[in-house]
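Quick mapping for you: the protein sequence lines, in order, are chains A and B. In terms of my numbering, the first sequence opens at residue 1 and continues consecutively. In terms of my numbering, the second sequence opens at residue 286 and continues consecutively.
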Amino acid sequence: MKELKILIVMIILVLIGYWGIEPLAHSIMHKHIEEAIHKNNLPDYEYSDLEPMPHSIKGDAKRGKETVQMFCTSCHGIKADNIPAPMDPKTAAESYGVVPPDLSNLGALLDEKFLYNFLKDPAKASEFPKISMPAMGLDDQQIMDVIAYMKSIAKKDMDGKEATIEACGRCHSIKYQKFYSDASPDVLKKYLGKVPPDFSVIHRAKGGEYIVAFVNKPQALLPGTSMPRVGLNKEATEKIEHYLGEIADPNKEARTKIGIGVLLYMLVMIGLTYAWKKKMWKGIH
Amino acid sequence: MERKEEVKSKSWLDQRLAVSDLWKVMMSEYYLPKNINFLWSFGVLTMLVFVILVISGIFLLMYYKPDANMAFDSVNKTIMMDVAYGWIFRHVHAVGASIMFLVLFIHMARGIYYGSFKPPREIVWITGFLLFVLMAATAFTGYLLPWGQMSYWAAQTITTLFEKIPFIGPDLVIWMRGNYIVEDATLTRFFALHVVLLPLLIIVITAVHMYAVRIVGSNNEDGTTMTKEEKKEKGIPFWPVFMAKEYFVMSVFLLFFFYLVFFNYKFAMDPINFEPANYLQTPLHIYPEWYFLAFYEVLRGFFFSETLGLIAFAISMFIILFLPWLDTSPIVSGKHRPLFKIMFWIFVLDFIALTILGKLPPSGLFAWLGLVTSLIYFAFFLSLPIISMIERKQVESGGRQ
């Protein structure tokens, strides 16, 4: 009975300490992040700080293709439509600081409202003043046509890995999955000021909630960062977050399974050792 | 003729190594008092955790690369993803290192409360203190090895502290790091210390610690002294009676331990440490592992003077060594010392408060709380001579036994 009392006091003290160094400390240290997420209502898939789309204007994919060929393909390739990139990735990276994305699948990854605003003014929509893409001066009709075209050619059912590489792979590497960014680290460092972090275990370092909020509005969580807002839609964001979680912690299932087995084994051991203790201590006291 | 018979009755090993005599001295005829509770099991628990750390450490050693360019990947890719069950060994090693200190702190607190450091057990206390310091050094050097952001910046910050030592400080820091900043040379030497020198010293001092306990015997709840004969008559043998209970305590402990290993390991594996070390980018918050937080908070507690903080930090660790000479009360066990009891519980709560404050940003209210809790930490040790004096007077006047 007395030993039980000691045990209870011990457990309470340990729990107080644990509460202090884990939940309490984290809530205080991450307060600014929580506040930023709350203030900007992240993730904001409506991109509510941007101008609304002119829904009265109907986009036409066929006209869109013509517009794209006129304005975009001098920098961008479109594999899905057999339009090759005008430069090889290395030359392109050295010319622009980063490889201009292939336009094939962006229609499925990006939010259309974001895309509309991005085509109007890339620097403003991406919140990245140094961005290499200039405003092309397209009118609303042309932009709506381009969006309709991009949506018509995009692959709808990309898996997590494809989505991640398409959306992030021009700057970010995933070393442990043997994927290396299109532009070399040196080139990226010149363009962005630092080498963007590798994605191999970033989900363990940052956590899913942070990643989702950060990708959605980088400047809100890390003011001054060279990460542009890329304008991913909800589906793509979730796919990418899930994939990053999977590759960062591939042992999740095994851990639960083995863990339960080990704990059950220890429970049996507790029973056996208790029985032996009872037997040995009979008559002592 | 007689001699021959004696020889016959002994086993081969016995004749040469006297193993059965050793067994008797160390185990079957080493008697413990009956009035001890399960807190006396924590000594053997530290041994258990140490063995777990050595075994898991050896397996990690087979794949770990002590090189600044390879260390992070060898831990996070090779061990965590490629080697079959490598992740279990890393989890066990990381959680084990953390839990070692929980067990050590409880073991030490038991010693303080029941007066186990008092004559004739000073050597037990001193060797125990050395083990604590060695364990801290092992944990500190080991924490650098994964070469993550927190590894790097914790090592950078703590080694910088030595800069303040008069005359030799700045040179000492460079000598320790092998470079002007924490770099590859630092990693390699920390590795050498972590896997060879420090564990070796721990094993040697543990042997002395246990030998000393066998000589002076275990203390007990009431702090009563018993002769060998009294113990033999009224006590229990270490083997098998005490160990029968110990195995039960171990099983319960291991249930808790493996729960942490598989389901709640984040406290021992900081998320920030999953970012590779980058000497150009300081993390927003730098803090040591939880077991150093209390001492770290004493360092920060004197926020108005860095020098004072450093002196306090050094004293806060080493004052523990001098307990046998600070607390000279003739009454051994805290169980029979009402004044001491009050101070002891204030100390325990203060230690927890220091640990919690150690992780929080040292600004505003937290800075002042840090100062107050640091002062209370020292107040406990300084109150001991006074309490001892009062109690000695009480005993001399025959008021208490």
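Glycine included, C-beta positions come from ideal geometry on N, C-alpha and C. Here the structure is a predicted model, which means the values were calculated and not measured.
Which residues in the same chain as residue i place their Cβ atom closer than 6 Å to its Cβ, once the five residues preceding and following it in sequence are excluded?
| i | result |
| --- | --- |
| L644(B) | Checking the displayed sequence, the identity of residue 644(B) turns out to be Lys instead of Leu. Cβ neighbours of K644(B) beyond the five flanking positions: Y572 and L578. |
| E127(A) | Q219 and R229 |
Taking 7 Å as the threshold (beta carbon to beta carbon), is residue i in contact with chain B?
| i | result |
| --- | --- |
| G208(A) | no |
| A125(A) | no |
| R204(A) | yes |
| V262(A) | yes |
| Y274(A) | yes |
| I12(A) | no |
| K25(A) | Here the sequence assigns Ala to residue 25(A), which means Lys is not the residue at that position. It does: the Cβ of A25(A) has a partner Cβ on chain B nearer than 7 Å. |
CA-CA distance, residue i and residue j?
| i | j | result |
| --- | --- | --- |
| G371(B) | E241(A) | 25 Å |
| D44(A) | L540(B) | 44 Å |
| P405(B) | V501(B) | 7 Å |
| Y180(A) | G169(A) | 7 Å |
| V201(A) | I487(B) | 35 Å |
| L298(B) | A497(B) | 25 Å |
| L485(B) | F476(B) | 14 Å |
| S132(A) | E238(A) | 27 Å |
| L483(B) | M628(B) | 34 Å |
| Y550(B) | M53(A) | 47 Å |
| T164(A) | E235(A) | 12 Å |
| M286(B) | L302(B) | Low local confidence applies: a pLDDT of 47 at M286(B) is under 50, so the model's placement there is unreliable, with the coordinate-based value given in what follows. About 22 Å. |
| L267(A) | F323(B) | 19 Å |
| R585(B) | G463(B) | 27 Å |
| K295(B) | S682(B) | 56 Å |
| L545(B) | A369(B) | 20 Å |
| E518(B) | Y315(B) | 12 Å |
| L317(B) | F538(B) | 22 Å |
Give the single residue among the options whose Cα lies nearest to the Cα of residue i.
| i | options | result |
| --- | --- | --- |
| T423(B) | A379(B), S359(B) and R301(B) | A379(B) |
| A599(B) | F386(B), F547(B) and V418(B) | V418(B) |
| H479(B) | I490(B), L346(B) and L324(B) | L346(B) |
| K58(A) | N41(A), A148(A) and L13(A) | A148(A) |
| S401(B) | P609(B), L642(B), Q434(B) and F663(B) | P609(B) |
| I521(B) | K239(A), G193(A), L264(A) and W281(A) | W281(A) |
| L429(B) | A439(B), L338(B) and L387(B) | A439(B) |
| P525(B) | S226(A), L222(A) and W276(A) | W276(A) |
| R677(B) | F663(B), E314(B) and I616(B) | I616(B) |
| E246(A) | A303(B), K295(B) and M366(B) | M366(B) |
| D159(A) | A108(A), K5(A) and V14(A) | A108(A) |
| E531(B) | W325(B), Q300(B), K319(B) and E314(B) | W325(B) |
| M602(B) | P451(B), V534(B) and F414(B) | F414(B) |
| I672(B) | T613(B), V537(B) and G649(B) | T613(B) |
| E286(A) | K155(A), K279(A) and D186(A) | Since the first and last residues shown for chain A are 1 and 285, residue 286(A) lies out of range. |
| Y398(B) | H621(B), S668(B), L660(B) and A529(B) | H621(B) |
| S341(B) | F625(B), A382(B) and V304(B) | A382(B) |
| G283(A) | Q300(B), L307(B), K319(B) and K309(B) | K319(B) |
Which same chain residues, not among the five before or five after residue i, have their C-beta less than 7 Å away from its C-beta?
| i | result |
| --- | --- |
| H392(B) | F327, G328 and T331 |
| I211(A) | H203, E241 and L244 |
| L642(B) | E582, F651, L654, G655 and T658 |
| M311(B) | R499 |
| L416(B) | I487, I490, T491 and H494 |
| V388(B) | F327, L330, T331 and V334 |
Does any residue of chain A bring its CB to less than 7 Å from the CB of residue i?
| i | result |
| --- | --- |
| V526(B) | yes |
| S536(B) | yes |
| N464(B) | no |
| F533(B) | yes |
| L669(B) | no |
| L298(B) | no |
Might you give, ordered along the chain, the residues of its own chain that have their beta carbon closer than 8 Å to the beta carbon of residue i, omitting 5 neighbours on each side?
| i | result |
| --- | --- |
| F687(B) | Residue coverage of chain B in this structure runs from 286 to 686, which leaves residue 687(B) outside it and unanswerable. |
| K39(A) | A220 |
| F559(B) | N361 and G433 |
| I466(B) | Q441 and Y564 |
| T445(B) | V458 |
Using a Cβ-based criterion (distance less than 6 Å to any ligand heavy atom), does residue i qualify as near the ligand ZN?
| i | result |
| --- | --- |
| L578(B) | In the structure on display, the ligand ZN does not appear, and there are no ligands present to speak of. |
Residues within the region 219-251 of chain A neighbouring chain B, beta-carbon criterion of under 7 Å
P250 and N251
Would you list, in chain order, the members of the region 493-511 of chain B that have their beta-carbon closer than 7 Å to a beta-carbon of chain A?
none
Taking Cβ-Cβ distances below 8 Å as the criterion, which residues of the region 317-340 of chain B are in contact with chain A?
K319, N322, F323 and L324
Quick one: which residues of the region 603-633 of chain B get their C-beta closer than 9 Å to a C-beta of chain A? List them in chain order.
V633
Got a sec: which bits of the region 540-562 of chain B sit with their beta carbon under 7 Å from any beta carbon on chain A, in order along the chain?
L540, F543, Y544, F547, F548, F552, P556, I557, F559 and E560
Members of the region 162-179 of chain A that neighbour chain B once the beta carbon cut-off is set at 8 Å:
K175 and Y176
Residues of the region 181-196 of chain A with Cβ closer than 7 Å to any Cβ of chain B, in chain order
none
Taking a cut of 9 Å between CB atoms, which residues from the region 460-491 of chain B lie near chain A?
none
What residues in the region 419-433 of chain B bring their beta carbon closer than 7 Å to a beta carbon of chain A?
none
When you check each C-beta in the region 339-362 of chain B against every C-beta of chain A, which residues fall closer than 8 Å?
D358, N361 and K362
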